[in-house]
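Read through the structure below, which is laid out as structure tokens, and then see the notes.
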Ligand code: PEP
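In the numbering used here, the protein residues as written are 7 to 250.
What follows is the structure in structure tokens.
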């Protein structure tokens, strides 16, 4: 279960979140729990999560170890500060910053080089779903951004299916819609990396997951976890999702 804080919270607010959140999930051992705060909160979050069952991830990275790339952060830096995960190709980054499938591959490889688990997002926009192009879009994103990884690299990634029309809109995909998309992605994994990889890969659903809909989503065999935006900002609400 991963929380994506997007561009919310200061270090002081991060501290307050963890004070409230850690005791609520301390005895939960069913799943991996990850919080992805903005860069300036990483230090506070890593300190707060130390010794707990919560891992910390970043929301983006740049490829390469270091260099003249103003405003960017490398996998090496994220590893050094204590991050264990990194979100790649969130639809907001695809949409606002023009991230391409080639970027996804470079970023995933850079994350893996520095022992970060990439959480790679795919998902269709509303007009793509309405024009019946969901599978085509997912195939393009998988083939361009994920399939070029080696089998060893693929074994270390997490995929997040996030239909863009469900993100931050309060419109959750029905469990069936989400499961169908996950099934499509898993078949694509099977065709490229084989049945063991398709079985093992974790595919998270993301898009308006809340305490009151998580149980039905997680009841689907195909859904292995959730990537949660808005509802991860509140300690009680994210704890309720983690222990659904
Ligand atoms: C997200 O940002 O990845 C997300 C799924 O957001 P929300 O849960 O707010 O829809």
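Positions of the beta carbon are idealized from the N, C-alpha and C atoms, including for glycine.
Query                                                                                                           : Result
Beta-bridge pairing of residue 40 - partner residues as DSSP gives them                                         : 8 and 61
Of the residues 128, 27, 211 and 192, the one placed nearest residue 203, counting alpha carbons only           : 192
Opening and closing residue of the alpha helix (DSSP H) in which residue 110 lies                               : 107 to 119
Simplified DSSP state of residue 123, which is helix, strand or coil                                            : strand
Contact under 8 Å by Cβ, residue 117 with residue 81                                                            : yes
Ranges of the alpha helix (DSSP H) found wholly within the stretch 150 to 227, counting only runs of at least 4 : 157 to 160, 181 to 199, 201 to 206 and 220 to 224
Extent of the continuous alpha helix (DSSP H) run through residue 229                                           : From DSSP, residue 229 is part of no alpha helix (DSSP H); its letter is neither H nor E.
Inter-residue Cα distance where the pair is residue 157 and residue 114                                         : 13 Å
Cα-Cα separation, residue 26 to residue 41                                                                      : 14 Å
The stretch 201 to 215 in contact with the stretch 160 to 167 per 3-pair CB rule at 8 Å                         : yes
Buried versus exposed call for residue 47 [16 or more other C-beta atoms within 10 Å across all chains shown]   : buried
Beta-carbon proximity of residue 142 to residue 97, cut-off 8 Å                                                 : no
Ligand 1 heavy atom lying under 7 Å from the CB of residue 96                                                   : yes
Option in 15, 38, 183 and 144 with minimal Cα separation from residue 227                                       : 183
Residue 75 in three-state terms, based on DSSP                                                                  : coil
First through last residue of the alpha helix (DSSP H) which encompasses residue 102                            : 97 to 103
Bridge partners - residue 80, DSSP secondary structure assignment                                               : 68
Residues sharing a beta bridge with residue 14, DSSP                                                            : Partner(s): none; residue 14 has no beta bridge.
Proximity test, residue 28 beta-carbon vs ligand 1 heavy atom, cut-off 7 Å                                      : no
Alpha-carbon spacing of residue 241 relative to residue 68, whole angstroms                                     : 29 Å
Extent of the continuous alpha helix (DSSP H) to which residue 243 belongs                                      : 241 to 248
Within 8 Å, strictly: CB atoms of residue 213 and residue 173                                                   : yes
Short Cβ contact (8 Å threshold) for residue 223 with residue 215                                               : yes
Pair within 8 Å by beta-carbon distance, residue 190 and residue 144                                            : yes
CB-CB length for residue 246 against residue 217, believed under 8 Å                                            : 4 Å
Rounded straight-line distance, which links the Cα of residue 87 to that of residue 72                          : 14 Å
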